[in-house]
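Here the numbering used here is used: the first residue of the sequence shown is 208, the next is one more, and so on. Every residue, glycine too, gets a C-beta built ideally from N, C-alpha and C. Because the structure is a prediction, the values reported are computed rather than measured.
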Amino acid sequence: MAFKRSIFASASEDRLENLVLERLKPGADKEKIDARIWDLFGEVWCIMFTDLSGFSRGVEKFGIIHFLQTIHESERVLVPIIEDHDGILLKSEGDSFLVIFRNVGKGLQAAIRMQKELLEYNKDKIPEEKILLCVGLGYGKVLKIGDSDVFGSEVNTASKLGEDTAEAGEILITQTVFDNAQETGLKFEAIKDVPAGTKGAFRVLY
């Protein structure tokens, strides 16, 4: 399965690279090439970025073994929840996850379950062993390259919310997630720190 995945990812990456190179040629019809790229790779997904609050400070203070333990435990606790909600984990880099979901509902449900699971996990842990999660969610049309990466405005904004803006225990969402979450029954509140790429940003109240 991993071998097949690598073939498909490579084929997608090669196709995209060739189209980008074609786009760089003098006199290239960029509009036509862009349309081809979106036809080939454009898909609608809910994008989740996660980050661990205070992780870098913890590594500096407690060392590389602490780093490995925290990464292992976060994956052990959170990956099954992602899979239960039909999420696809595209990347795990250091203390961050990049995950995609087919719809906003499942992305939100997964994020809330992840935070609640960690609340239970942290109850009997000493401060340095607690896993404190920050989550950002975006939703919209993106360029999906195999099962290896996604690109787009909502990707960038979700990353900003999850990795830079959110504090421990928070789930922050873009305007498009909010617009598509009105039938979930969840409550939200607007936040003041709205990153570029979205008209508004909101905190999920759970």
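Rounded to whole angstroms, the separation of the alpha carbons of F256 and T364 is 9 Å. The criterion of a C-beta distance shorter than 9 Å is satisfied by I244 and L223. If you draw a straight line from the Cα of P287 to the Cα of T383, it is about 26 Å long. Between G249 and L350 a beta carbon distance of about 6 Å is seen, short of the 8 Å cut, so the two are scored as contacting. Within the model, the alpha-carbon separation for F274 versus L379 is close to 25 Å. For Y328, the enclosing alpha helix (DSSP H) has its first and last residue at V311 to N329. Counting the other CB atoms within 10 Å of its CB gives H292 a total of 16 or more, which places it among the buried residues. Between the C-alpha atoms of E390 and S217 there is a straight-line separation of about 38 Å. Here E361 is buried. Its C-beta has 16 or more other C-beta atoms within 10 Å.
With fewer than 16 other Cβ atoms from the protein chains shown falling within 10 Å of its own Cβ, A235 counts as exposed. Our two residues, T381 and L231, have alpha carbons roughly 32 Å apart in a direct line. Cβ atoms of D302 and L368 stay farther apart than 8 Å, at about 16 Å. The beta carbons of G261 and A397 sit no closer together than 9 Å. Annotated as proximal: E282 and S299, with beta-carbon spacing under 9 Å. Minimum Cα-Cα distance from L412 among the listed residues V401, L393, G404 and K406 corresponds to L393. Secondary structure note for I333: it is in no beta strand (DSSP E), with a DSSP letter that is neither H nor E. Rounded to the nearest whole angstrom, the C-alpha separation of E327 and M321 is 10 Å.
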